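Each protein sequence line maps, in turn, to chains E and G.
Under our numbering, the first residue of the first sequence is numbered 1, with each subsequent residue one higher.
Under our numbering, the first residue of the second sequence is numbered 1, with each subsequent residue one higher.
From the three backbone atoms N, C-alpha and C, an ideal C-beta is built for every residue, glycine too.
Given the structure is predicted, the values throughout are model-derived calculations rather than measurements.
Worksheet: one structure, shown below.
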Amino acid sequence: MSINITDFVASAPLMTVTLTGVILILVEAARKSRVQVSFVLTLFGLLIASVLAIVNYSNEQTVFFGMVRQGWYANFLNLVFLAAALLTVLLSKPYLERAGVHRGEYYILILFATVGMMLMASANDLIVVFLGIELMSLCLYVLAGFLRTKEKSNESALKYFLLGAFATGFLLYGIALVYGAAGTTNLEIIEAQVPDLSSQWMFLVGVGLLLTAFAFKVAAVPFHMWAPDVYEGAPTTVTAFMSTGAKAAAFATLILVFHQVFRFTESNVNDLIAVIAAASMIVGNVLAIAQSNIKRMLAYSSIAHAGYMLSGIAAGNNEGQTGILFYLVAYTLMNVGAFGIAGLMENEEDKNLQLDDYTGLSQQKPFLAALMAIFMFSLAGIPPFAGFFGKYYVFLSAVKADMTWLAVVGVLTSLVSVYYYLRIVVLMYFKEGNGDVAAKPAFPALIAVTCSALLLLQFGIFPSVIVNAVQKIL
Amino acid sequence: MTVIQPYLILSAVLFIIGTAGVVARRNAIIVFMSIELMLNSVNLTLVAFSAQLGDVTGQMLVFFVMTVAAAEAAIGLAIIIALFRRKQTLNLDEINILKW
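See below:
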């Protein structure tokens, strides 16, 4: 047995992003290099990786001694992560220049975090799940504290680090117990043994610990407390990245481990996930109403969105998987967009982050206001934007799995959420502003938010583009 | 076949002590040490299972865990130092501009 070239070819997107990261480290080490070079190289690497992911799309195989699985599922999610990374990089340049910390290591960290996410989606072994989560999280801890002279950013990094590392402990203990019960960490072999294992208490405790760790990573109730603090304190572009890429990656692994491998149907585990989902929807949406800071409000809304997506996992059927994957695409686009606009508005540190600062935006920045309105409508789940179909598919799967109560909770809490999303639209369009919004138009960031809005509209009007791609995974 | 129950019980106890430390202590460094204790208790579990199953995967995972724990220590202590420079405190109750 040896690693041969086909392994690298099959995992080409993963390798491209890794290589770009390594090259960037060398470029940064060269003393005369300029940050612009890193920026361009990052964009270039991510674009090549996206192209390779599309080319490689249907190439289904396991590589690296059965550790990594490539194919439809991994490449679909790779594209989501790469899109999140690309949009974040475009948003970051003007943001970091304004904050005076435009440095090359930012891009290196973004790239390696993306590698971690891609590993999580293509894992075929619990060891790779662990390594992917850690690679992603370690980069994100540093990114959260990237404004290292700012107290808020430091505090956000410390909280994220302590709670993230705590969750890692649970994840590892879960992996250890599953390993002890199944005698292997390979997901395919575990999958074959699940019927025998599911009566062993050691296996079930392991599964419970894994679920706890994943609930931490997706910020689901009752392990959501870190999210608002971390999202508020971190640089806005980093928040955009971790609320989309990191959450999508955590869901990718959750689907992989719980839906494709463990396959608990009609069991207490699914009921437990359903309760977590319902609690996240209720707590996230209700607490979001009370927020006055836009980043904090979006943080609570992201807890609620984790709840919507978890109901697809609780349903445990193929519609659920389709629904979550569609939802992840929509969620990534709309959240990157919403945080991107928040970042564009934030012209100095901590300025223009209150909801009231959006008052009358439509008169001063009609284009930004229109885009923000699109993101808010989509987050609220109003057609014709992609957010609507995401919710529709997820709730449909819950109904098909005889969890109608979960779908009812979802729809009712979505109604609650309309209040706080549309409040921003009302402020922007129907109130007179005081006119101190002086956000300079930043070209790369404008491209990023415009692209997200257009894609949201595209996938909202023609959802079949995504649905067809997703259904090939089943 | 090795008798591994004592090792499993020991590591479960260590894991619980670590968890309790994270929840109860308010000093950032001590919380971090408790997390390390949790990770090391997992290592003990993995080695015990590995010996019982006669399979090296568990021991291999231990090396990965140690590597990751080292990286985590580097990053965590750097974050703690950056924060200490601003605040001159490590008490988590005083680190509260963001509502905890």
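What is the C-beta distance between residue i and residue j, in whole angstroms, given that I count them as a contact (C-beta under 8 Å)?
| i | j | result |
| --- | --- | --- |
| G:A28 | G:L92 | 6 Å |
| E:T253 | E:M120 | 5 Å |
| E:L111 | E:L24 | 7 Å |
| E:F161 | G:I79 | 5 Å |
| E:A485 | E:G245 | With chain E covering 1 to 474 only, the question about residue 485 of chain E has no answer from this structure. |
| E:L456 | E:A330 | 7 Å |
| E:E151 | E:G104 | The pair is not a contact, with the Cβ atoms about 25 Å apart (cut-off 8 Å). |
| E:F476 | E:V470 | Chain E is shown from 1 up to 474; residue 476 of chain E falls before or after that span and cannot be answered. |
| E:S362 | E:M428 | 5 Å |
| E:T237 | E:T88 | 6 Å |
| E:L355 | E:I276 | No, E:L355 and E:I276 are not in contact; Cβ-Cβ is about 29 Å, not under 8 Å. |
| E:Y106 | E:F146 | 6 Å |
| E:S397 | E:E319 | 4 Å |
| E:E232 | E:K295 | 5 Å |
| E:F81 | E:A249 | 7 Å |
| G:F32 | G:G76 | 5 Å |
| E:F339 | E:A240 | 4 Å |
| E:L91 | E:A445 | 5 Å |
| E:A49 | E:V22 | E:A49 to E:V22, Cβ: 14 Å. No contact. |
Take residue i and list the residues in its own chain whose beta-carbon comes closer than 7 Å to its own, dropping the five residues that flank it on each side.
| i | result |
| --- | --- |
| E:M281 | A304, G307, Y308, V409, G410 and T413 |
| G:S34 | G18, G21, V22 and R25 |
| E:F459 | V329, A330, A386, V465 and I466 |
| E:F377 | F385 |
| G:W100 | Only weak support exists for where G:W100 lies, its pLDDT of 47 falling under 50; the value from the coordinates is given anyway. Nothing listed; no residue qualifies. |
| E:A227 | A219, A299, S302 and I303 |
Looking at the strands, I want to know which residues DSSP matches up with residue i.
| i | result |
| --- | --- |
| E:Q354 | E:N293 |
| E:T62 | E:R69 |
| E:D125 | E:N186 |
| G:N91 | G:N27 |
I'd like the span of the beta strand (DSSP E) that includes residue i, first residue to last.
| i | result |
| --- | --- |
| E:Q200 | It is not in any beta strand (DSSP E) - E:Q200 carries neither H nor E in the DSSP assignment. |
Ends of the alpha helix (DSSP H) at residue i?
| i | result |
| --- | --- |
| E:V51 | V35 to V55 |
| E:R98 | W72 to A99 |
| E:V261 | Where E:V261 is concerned, there is no enclosing alpha helix (DSSP H), given that its DSSP letter is neither H nor E. |
| E:P444 | F443 to I461 |
| E:M15 | A12 to A29 |
| E:T253 | K247 to L254 |
| E:Q345 | Checking the sequence, you will find Met at residue 345 of chain E rather than Gln. It spans N318 to M345 - the alpha helix (DSSP H) in which E:M345 sits, taken as one unbroken run. |
| E:L147 | Counting along the chain, E:L147 falls outside any alpha helix (DSSP H), and DSSP gives it neither H nor E. |
| E:I424 | T404 to F430 |
| G:T96 | According to the sequence provided, residue 96 of chain G is Asn. The question's Thr does not apply to it. Run containing G:N96: none; DSSP gives neither H nor E here. |
| E:V238 | T236 to F241 |
| E:I466 | S464 to Q471 |
| E:D229 | W226 to G233 |
Within the same chain, show all residues whose beta-carbon is closer than 8 Å to that of residue i, passing over the 5 residues directly before and after it, in chain order.
| i | result |
| --- | --- |
| E:F430 | none |
| E:M202 | L177, G180 and A181 |
| E:I189 | A182 |
| E:R31 | none |
| G:T89 | I95 |
| E:T404 | A398 |
Tell me which residues share the same chain as residue i and place their Cβ nearer than 6 Å to its Cβ, disregarding the 5 neighbours each side in the sequence.
| i | result |
| --- | --- |
| E:I374 | A453 |
| E:H224 | I303 |
| E:A113 | M136, C139 and L140 |
| G:K87 | none |
| E:V129 | A123 and T253 |
| E:I473 | W72 and Y73 |
| E:L109 | C139, V142 and L143 |
In chain C, what lies closer than 8 Å to residue i by C-beta?
| i | result |
| --- | --- |
| G:M66 | Looking at the structure shown, chain C is missing, and the protein chains on hand are E and G. |
Would you check whether the ligand GDP has a heavy atom nearer than 7 Å to the C-beta of residue i?
| i | result |
| --- | --- |
| E:V35 | Only the bare structure without any ligand can be found here, which leaves the ligand GDP out of the picture. |
Task: Whole runs of the alpha helix (DSSP H) within the region 350-402 of chain E, excluding any shorter than 4 residues - done: 361-364, 366-380 and 386-400, all fully within the region 350-402 of chain E.
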